[in-house]
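Per the numbering used here, the very first residue in the sequence shown carries number -18; after that it's consecutive.
The C-beta atom is built at its ideal place from N, Cα and C for all residues, glycine as well.
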Amino acid sequence: MALRTDKTGFGDIEIVQDDSMFCYGIDAVLLSDFAARRLNERKKAISELCDLGTGNGIIPLILSHKTDIRRIVGVEIQEKCADLAEENARRNGMQDRISFVRCNVKDMGTIEKLLGKKSFSAITMNPPYTEKGRGIAATCNEKNLARHEISASLGDFIACASALLGDRGDFFMIHRPTRLADIFTLLRKQRIEPKEMQLISGRKDETPNLVLLHCVKNGRPELNVLPQIFVREEDGSISEKIREIYEQ
């Protein structure tokens, strides 16, 4: 175990990460900001949010900084990740606001017993991007589980989100644009309607490699495509939008 402590740049929040496991990247930051902006715009405040596949707890931590959500629950299958997530909540004095459960998202009986059906107003999700059997598997099993759909499929994650979301609840996720056809099919199967989509690319003229989605449980069909985000300017410097998201 090779532990390191990183400053996130979001207030005083620090996060302990293990180099032998999956460390958070820009996708978790983008998703947190995307969800926070929309939840903060709501007339009625969100009191409870669940983060599926929470890893070391980075998304709950950033959301605790960017929103006033009173209760955030992270669901994680890997014991080591969940241990780190709990340590990170304690380290940042958030243990009364952020908690974690150890469970596979496809084990719906246990999930509903622990958290309750339709018990959340909002769900966030940064699931493994690669289908089982595709891509090059990481050497370390922990990294493999975070990157590949080994323990649960994309359909399992979305079904879990649907079970936990109340009527008109908000669902936020980030994934690869190459999986959009699958994502839309699976969302509608679970009565989760895509409402906003935003593509992200490395530079302005490059093909997008990430997509953010905001959906609503039992929402009306209408999808708005938001302006594309690019990470870097043509000269290689960080874009103004990304600096804004990172609060720089």
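- Counted as a single uninterrupted DSSP element, the beta strand (DSSP E) harbouring C31 occupies residues E29 to L33.
- Non-local beta-carbon contacts of N199 in its own chain, meaning distances under 7 Å to residues more than five positions away in sequence, involve D148, R149 and R172 in chain order.
- Taking 8 Å as the upper bound for CB-CB distance, E228 and G38 are not in contact here, some 19 Å apart.
- Here DSSP, grouped into helix, strand and coil, assigns I92 to helix.
- DSSP places S102 inside the beta strand (DSSP E), whose first and last residues are F101 to M106.
- Judged by their CB atoms, L180 and L193 are nearer to each other than the 9 Å cut-off.
- In this structure T(-14) is exposed. Its beta-carbon is surrounded by fewer than 16 other beta-carbon atoms within 10 angstroms.
- F3 sits in coil when the DSSP states are folded into three classes, being neither helix nor strand.
- DSSP, reduced to helix, strand and coil, places N21 within a helical segment of the structure shown.
- The beta carbons of V206 and M178 sit closer together than 9 Å.
- Annotation: the region 45 to 90 contains the following complete segments of the alpha helix (DSSP H) (minimum length 4 residues), in chain order: 60 to 72.
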